[in-house]
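Visitor: Positions in the sequence shown are counted from 1; adding 44 to them yields our numbering.
A virtual CB, placed ideally from N, CA and C, is assigned to each residue, including glycine.
Owing to the predicted nature of the structure, the values given are computational and were not obtained by experimental measurement.
Pasting a structure below so you can have a look.
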Amino acid sequence: MGLSGHCLCGAVTYTVDAEPLVVGYDHCDDCQRQSGSTYSLVVVVPKDKLTIKGTTKSYAKNGSSGKPVHRVFCPECGSPIAHDPEAAPPIIALKGGTLSEADKKALKPDTEIWTVSKLPFCQEHLAKPFEHMPQ
């Protein structure tokens, strides 16, 4: 089956010739800052099964292992595409929001990581969900 996705402007596209190894919510502070949200939905795949087309940039910062984590993004629209930890060379963590609509809808998150950084108000179900922005 595999996966596919793209950035907001479409300048960067990717395909994965494999199923996800892990799908989860990453609560680490760096993912919160990169995503601009309370966590990042990550889809971990074998790096050798990922093909990226288009120009990307990356920003590297040391992770908790002391080794760099390369954060790959589109230089045109700024969409985060993946984070690539040198501490785990065989894998790469795609940003779930960049997957195709069909692939996103089929995701089944199965774990949470970095819950030590999970914000106290993050819950699975909030009391007042809105399908769209409230009027």
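(1) Classify residue 60 as buried or exposed, calling it buried when 16 or more other Cβ atoms lie within 10 Å of its own Cβ.
(2) In whole angstroms, what is the alpha-carbon distance linking residue 120 and residue 110?
(3) From residue 96 to residue 57, what distance separates their C-alpha atoms?
(4) Taking the alpha-carbon of residue 77 as reference, which of 50, 103, 167 has the nearest alpha-carbon?
(5) Can you list, in chain order, the stretches of the beta strand (DSSP E) that have 3 or more residues and sit fully within the stretch 52 to 104?
(6) For the beta strand (DSSP E) containing residue 139, name the first residue and the last one.
(7) Please classify residue 179: does DSSP put it in a helix, a strand, or coil?
(8) Less than 9 angstroms between the C-beta atoms of residue 70 and residue 86, yes or no?
(9) Can you tell me whether residue 165 is buried or exposed? The criterion is at least 16 other CB atoms within 10 Å of its CB, across all chains shown.
(10) Assuming contact is defined by CB atoms lying nearer than 9 angstroms, are residue 140 and residue 66 in contact in what I supplied?
Guide: This is what the structure holds:
(1) The residue is buried, with at least 16 neighbouring Cβ atoms inside 10 Å.
(2) Between residue 120 and residue 110, the alpha-carbon positions lie close to 30 angstroms from each other.
(3) Whole-angstrom Cα-Cα distance: 6 angstroms.
(4) Measuring from the Cα of residue 77, the nearest candidate turns out to be 103.
(5) The qualifying runs are 57 to 60, 66 to 70, 84 to 90, 94 to 97.
(6) Per DSSP, residue 139 belongs to the beta strand (DSSP E) from 135 to 139.
(7) Any reading at residue 179 needs caution, since the residue's pLDDT is 49, under 50, leaving its predicted position unreliable; the model's value is listed next. Correct three-state label for residue 179: coil.
(8) The answer is yes: Cβ separation under 9 angstroms.
(9) With fewer than 16 other Cβ atoms within 10 Å, it is exposed.
(10) Not closer than 9 angstroms, so no.
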